[in-house]
Amino acid sequence: MGRRQRTTRRDGAAAWPAVPVSAAGDSPCTKVCRIAPATGLCLGCARTIDEIAGWATMSAADRAAVLADLPHRNPGDAGSGGNVR
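If you read the sequence shown in my numbering, its first letter stands for residue 154, the second for the next number, and so on.
1) Kindly identify the DSSP beta-bridge partner or partners of L220.
2) How about T134 and G229: are their beta carbons less than 7 Å apart?
3) Quick check on T201: does DSSP put it in helix, strand or coil?
4) Let's test the definition: count the other Cβ atoms within 10 Å of the Cβ of A213 and tell me whether it reaches 16, buried, or not, exposed.
5) How many Å lie between A221 and S180 at the Cα?
Structure (structure tokens):
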């Protein structure tokens with residue numbers, strides 16, 4: 154997949170096009186996007202910031218590896234620790 158190109162909105166502001174569905178269709182995102190400071194994991198999907206940011210450009214094998222590991226992760230809550238395996 155090539156790099157996404159920056160576009161311009163009607164009001165002249167810069168905008169990035171949406172991530173293609175084929176690249177992110179298997180995302181575990183639950184739209185609860187908060188990173189627990191103690192673990193560095195998202196409270197909604199248990200991914201790291203790097204995993205979230207790179208999801209659309211990860212290989213299918215890398216995405217599958219992250220998905221397989223998610224049930225073993227505990228992001229904790231915003232005020233307490235959790236366990237990262």
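The beta-carbon is built from N, C-alpha and C at its ideal position, and this holds for glycine as well.
On the basis of the data shown:
1) Answer by DSSP bridge pairing: none, since L220 is not bridged.
2) Outside the displayed span of the chain (154 to 238) sits residue 134, for which this structure offers no information.
3) strand
4) exposed
5) 12 Å
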